[in-house]
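Written out below as structure tokens is the structure these notes cover.
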Amino acid sequence: MNLHVVRSRALTGEVGVPGDKSITHRALLLGALSSSNVYIRNYLDSADCLATLGCLRALGVQIARRQAEVVVHGRGMHGWREPADVLDCIRSGTTMRLLSGLLAGQPFMSVLSGRAQLRARPMSRIIMPLQQMGAHISGRAANRLPPLCIQGSKLSGIHYRSPIASAQVSSSILLAGLYAEGITTIIEPERSRDHTVRMLRARGVPVAVEGASQSLVGPVASLDALDVCIPGDISSAAFFLVAGLLVPGSSLGLKSVGVNPTRTGLLDALQGMGVQIVLQNERDEGGEPVADILVHHQDLHGVTVGGSMIPRMIDEIPILALAATQAEGETIIRDVGELRVKETDRIATIVGVLRAMGARIEASEDSLIIQGPTPLHGAFINSEGDHRIAMMAAVAGLIAAGDTFVSHLERIQDSFPGFVPKLVALAPGAVQ
Ligand code: S3P
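To convert, count from 1 in the sequence shown and add 35; that's this note's numbering.
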């Protein structure tokens, strides 16, 4: 299915943003280990989160799904049962990596697989440290790729220095640490999103954090059952935020967006490009900072970003690159080699999409260099089934001359099921 987009008039009004993907995955997993029922409000009903939900059901956890709420019937730390079939993680790397950490310490066998896109993503980053903890876990292609086979075993804590800043890796190790004897410590080269730490602490597990090091003492006997309301996903808000900046005359309010400082790299990068973004009604909801974000059309200038900012906006690089095509001067985005192993090789897909629309963009192994401002023109965009690339191309279409067609529209469901209806409501006539 293709999306057809043409240049839009000003975007105005308020946009509600769906629940955070990372927090929804974790709320489901930790809920399933809790000692009693857990209510999760404003959960993200996306294909990726449904993958986690489906795997948990296959592990014997009852979950009732309602309109804006799920009820997870927690079975305690030792209540999951051996799945009768392969656990289908569909296209969700978070499901596969976080669940593997938890399954490594269970007294049964499990096999995790998914669609071709997920079966091409690197798993040695979790297999190696989990094996060091004593896990019996293996993958195909010399332990690099899914499917993963886990024969649960006794685990012991490790002191692990990860070569990459990845919340999926650090979370997988910390979650395995819940079942391991002794101290589990994971040190990242830069801090990644810290939702796992916040959520474990809120459920009664002390986690020590010092810089980019996180540790806990296992085994943990129980997790407190805690109801949650999931904040809006800043990674989804990002598409409307940049649309509001780029479409002339626009003024948008994004309601109840999670502004955890380990996720707000895009706001810092845009501020570095001379943009004013207003946060209103800042508050704490269930241990996560939340705010309403106001944005209006503004001129941007180039910026250089890299280092510790990158893990704080790893999913926002496609939309930042689009913003950079409209900024005066040069934008350099460094240290983004991790983009090569996302749903697609995002360095290649970003360059492919933006060049097809007339942008001046170059890439190296781990960086992007963009010259602006460049007027964009419509094109037929192959989003290669990557939800964030498809959404970035749709926003690009709003400022491009002529017609933009975006392929694999249905994949947007992976993270933002309501994206297209919201875009149609904001830009009537410009999106079909
Ligand atoms: C996620 C972490 C990020 C991000 C992904 C979700 C998570 O991956 O790209 O969309 O929920 O932990 P890495 O931490 O592996 O970069």
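Note that beta-carbon positions come from the ideal geometry of N, C-alpha and C, so glycine has one too.
Check                                                                                                                                                                                       : Outcome
Using only the heavy atoms of the ligand S3P, determine whether one of them is closer than 7 Å to the beta carbon of E373.                                                                  : yes
Using DSSP with H/G/I as helix, E/B as strand and the rest coil, what is S70?                                                                                                               : coil
Sort out for me which residues DSSP pairs R100 with in a bridge.                                                                                                                            : V105
Figure out for me which residue from K56, I161, A170, Q167 has the closest Cα to the Cα of M179.                                                                                            : Looking at the sequence itself, residue 179 is Arg, so the reference to Met does not match. R179 has its Cα closest to that of I161, out of K56, I161, A170, Q167.
On a Cα-Cα basis, can you pick out the residue from A151, A247, G393, F451 that is closest to I221?                                                                                         : A247
With a threshold of 6 Å on Cβ separation, who are the neighbours of M131 within its own chain once the five nearest residues in sequence on each side are excluded?                         : C124, L147
Between which two residues does the alpha helix (DSSP H) holding C84 run?                                                                                                                   : 82-93
Could you pull the start and end residues of the alpha helix (DSSP H) that K457 belongs to?                                                                                                 : 454-461
If you measure between the beta carbons of L305 and A356, is that distance less than 8 Å?                                                                                                   : no
Which residue wins for smallest C-alpha separation from E323, given the options S57, L46, A45, T47?                                                                                         : S57
Report the residue ranges of all beta strand (DSSP E) runs contained in full by the segment 382-408; include only those spanning at least 3 residues, in chain order.                       : 395-398, 403-407
Along the chain, where does the beta strand (DSSP E) that runs through R226 open and close?                                                                                                 : Per DSSP, R226 belongs to no beta strand (DSSP E) and is neither H nor E.
For G174, count the other beta carbons within 10 Å of its own beta carbon; 16 or more makes it buried, fewer makes it exposed. Which is it?                                                 : buried
Heavy atom of the ligand S3P less than 7 Å from the Cβ of R228, yes or no?                                                                                                                  : yes
Quick test of the definition: if touching needs 3 or more C-beta pairs under 8 Å, does the segment 68-77 touch the segment 105-113?                                                         : yes
Under the DSSP definition of a beta bridge, which residues are partnered with L314?                                                                                                         : I328
Identify which residue in L461, A465, A425 has its Cα closest to the Cα of M36.                                                                                                             : A425
Tell me, to the nearest whole angstrom, how far the beta carbon of G217 is from that of S188; I am working on the premise that it is less than 8 Å.                                         : 15 Å between Cβ atoms; not a contact.
Under 6 Å Cβ to Cβ from S343, same chain only, skipping five residues before and after it: list those, please.                                                                              : E225
Go ahead and pull the three-state DSSP assignment for H443.                                                                                                                                 : coil
Please go through the same chain and pick out, in chain order, the residues whose beta-carbon is closer than 8 Å to the beta-carbon of L251, but skip the five residues on each side of it. : L209, G212, L213, I218, T219, L235, V240, P241, V242, A243
With a 10 Å radius around its C-beta and 16 neighbouring C-beta atoms as the bar for buried, classify T299 as buried or exposed.                                                            : buried
Using 8 Å for Cβ pairs, my map puts A465 next to V121. What's the rounded Cβ distance?                                                                                                      : Contact doesn't hold; Cβ gap of about 43 Å is too wide.
Is DSSP giving I161 helix, strand or coil here?                                                                                                                                             : helix
Which one of G437, N316, R369, V313 has the shortest CA to CA distance from V338?                                                                                                           : R369
Would you kindly work out how many angstroms separate the C-alpha atoms of V441 and V255, rounded to a whole number?                                                                        : 47 Å
Distance cutoff 8 Å, beta carbons only. Does S188 sit that close to anything in chain B?                                                                                                    : Included in the structure is just one protein chain, with no chain B present.
Mapping DSSP to helix, strand and coil, what is A436?                                                                                                                                       : strand
Express the C-alpha separation of G279 and L329 in angstroms, rounding to a whole number.                                                                                                   : 9 Å
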